[in-house]
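Asks: Everything in the sequence shown is counted per the numbering used here, starting at 26 for the first residue and increasing by one.
Here a beta-carbon is modelled for each residue, glycine too, at the ideal position from N, C-alpha and C.
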Amino acid sequence: MAFLKLPAQYYKQHDADLTKDIPGRGYDGWTTRMLDVPLERTALVSMHAWNPGLVDEIPAGPDSPYAGWFRFVEYLSRAVPITQQVFPPVLKAAREADMTVIHVGSTEAYTGKYDAYQEAKDLAGAEPDLPAGAVEDPLKAQWQAERGVQMCGEKNGREIKAGQQFLNFPPQAMPEAGEPLVINSHQLNAVCREKGIWHLVYIGFALNWCLLASPGGMIDMRRMGYVCSTIRQATTAVENRETCADEWAKEVALWRVALMFGYVFDVDPFVAGLQNVSTS
26 MAFLKLPAQY
36 YKQHDADLTK
46 DIPGRGYDGW
56 TTRMLDVPLE
66 RTALVSMHAW
76 NPGLVDEIPA
86 GPDSPYAGWF
96 RFVEYLSRAV
106 PITQQVFPPV
116 LKAAREADMT
126 VIHVGSTEAY
136 TGKYDAYQEA
146 KDLAGAEPDL
156 PAGAVEDPLK
166 AQWQAERGVQ
176 MCGEKNGREI
186 KAGQQFLNFP
196 PQAMPEAGEP
206 LVINSHQLNA
216 VCREKGIWHL
226 VYIGFALNWC
236 LLASPGGMID
246 MRRMGYVCST
256 IRQATTAVEN
266 RETCADEWAK
276 EVALWRVALM
286 FGYVFDVDPF
296 VAGLQNVSTS
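(1) How is the beta strand (DSSP E) around C253 delimited, first residue to last?
(2) By the 10 Å Cβ neighbour count, where 16 or more other Cβ atoms means buried, how is H128 classified, buried or exposed?
(3) Taking contact to mean 3 or more Cβ pairs, one atom from each stretch, closer than 8 Å, check whether the segment 71–84 and the segment 95–109 are in contact.
(4) What does the Cβ neighbour count give for D46, buried or exposed, with the cut at 16 atoms within 10 Å?
(5) Please return the same chain residues whose Cβ sits closer than 8 Å to the Cβ of W94, not counting the five positions on each side in sequence.
(6) The alpha helix (DSSP H) that contains K117, what's its start and end?
(7) Would a C-beta distance cut-off of 7 Å place V252 and H224 closer than the cut-off?
(8) Less than 8 Å between the CB atoms is what I'm expecting for F290 and A198, so what's the real figure, rounded?
(9) Could you give the DSSP three-state label for D140: helix, strand or coil?
(10) Which residue's Cα is closest to the Cα of A141: P196, I208, N265 and G242?
(11) Are R58 and A33 closer than 7 Å when you measure CB to CB?
(12) When you compare the CB positions of I244 and F295, do they come within less than 7 Å of one another, or not?
(13) What are the boundary residues of the beta strand (DSSP E) that includes L69?
(14) So what does DSSP say about D61, is it helix, strand or coil?
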């Protein structure tokens, strides 16, 4: 079996110092170990890599007809250069090392035109029915509608909806022939089981939102027994006014990955590891 020898970051959530006013300051915190990552059991998962700001149809900037998308999704200002500069070498190295590359899209509206999506959909079969959820109530529906407007703003919502007609993968992360394409956890699990994969290295957007909680994200996949890791430089997070300057939401999200789901890798050692795969 082939292995990548990678420095893997994890978090020692021990020991809280019970003699201190703030016990958590006693934690050992971030540390690194050398990890033998099995190539055949690992997939690079490019999730919710989108094209706003990366194609002429959805230009960035205050004069864009879809500027509301960028006013609401502030992390696009970071996702665009990550997609342009970080994704290409990571994807190239993974492909050249024959690591499985899986793409997770967000909706059939754009994935449906790809043969790879239909193949994954056929492989997985119908998604199991969910149990009945919360009862319907007019007040609940009102709250949900109001929350959508409260979150992104009415004008921004209209511009986002208009721009989504052009939603697709960005040129830098377009699925290549033979690479699976899925939109939910059921399909991702089917693809991984067929290939014998149990370790998923996520790149994409955003770490504390879609990569965590959307269909195909870490929460669902962890519940099915997968180890879920990420590459620090190949993702960003949803930030707010108070966290955006120092990207504290991303730092907390990386800690959560390292504590709850898997490992955190840095991009340069990850690419180098793919270029120097060892066998045993």
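Replies: On the basis of the data shown:
(1) Per DSSP, C253 belongs to the beta strand (DSSP E) from V252 to T260.
(2) A residue is called buried once 16 or more other Cβ atoms fall within 10 Å of its Cβ, and H128 is buried on that count.
(3) Cβ pair count under 8 Å is three or more, so yes.
(4) Flag for D46 reads exposed.
(5) Excluding its 5 nearest sequence neighbours in each direction, W94 has C-beta neighbours in its own chain below 8 Å: P77, I83, L101, N181, E184, I185 and G188, listed in chain order.
(6) Here the alpha helix (DSSP H) through K117 covers F112 to E121.
(7) yes
(8) Rounded, the Cβ-Cβ distance is 18 Å, inconsistent with contact.
(9) helix
(10) It is I208.
(11) Yes, the pair counts as a contact, with Cβ atoms nearer than the cut-off.
(12) no
(13) T67 to M72
(14) strand
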